[in-house]
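Residues 38 to 138 (our numbering) make up the sequence shown, in order.
Where a beta carbon is used, it is the ideal one built from N, C-alpha and C, also for glycine.
See structure below.
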Amino acid sequence: MSIPRHWRLKNQRYSLVGEVCNRCGAKLFPPRDVCPECSKPAYEPFRFSGKGRIYSYSTIYQAPTGYEEFVPYTVAMIQLDEGPLGESPLYKRILAEGVPV
Ligand SMILES: [Zn+2]
38 MSIPRHWRLK NQRYSLVGEV CNRCGAKLFP PRDVCPECSK PAYEPFRFSG KGRIYSYSTI
98 YQAPTGYEEF VPYTVAMIQL DEGPLGESPL YKRILAEGVP V
């Protein structure tokens, strides 16, 4: 990942900062600047708790370029307590859909 892109995504990836729509209250992750629920601008930052449940997961055996040294690794879709789905790598955790993380 390029340094400018890493810098732009730092808050989103490490602090779980998304956005909240001031019109309808929808919480957005990743941030989109336009609410998918009401199509109005959504620029207000919102920090997610980081708590949720495993929605789905998959173990990667053939990694994309730059991630070969980590195989096999598992990536999970996490249903955040605030609503949106997020993506996370998992390490040595009990994997089952519905498990709290
Ligand atoms: Zn909205």
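Among 89, 100, 69 and 115, nearest to residue 109 - alpha-carbon criterion: 100
Buried or exposed by the 16-neighbour rule on C-beta atoms within 10 Å, applied to residue 85: buried
Residue environment, residue 123, which counts as buried when at least 16 other CB atoms sit within 10 Å: buried
Check: residue 88 C-beta below 8 Å from any heavy atom of ligand 1: no
For residue 92, the first and last residue of its enclosing beta strand (DSSP E): 89-97
Three CB pairs or more closer than 8 Å across the stretch 90-98 and the stretch 63-76: no
Residue 107 versus 114, 115 and 98, residue with shortest Cα-Cα distance: 98
As assigned by DSSP and simplified to three states, the class of residue 81: strand
Local conformation of residue 52 per DSSP, three classes: helix
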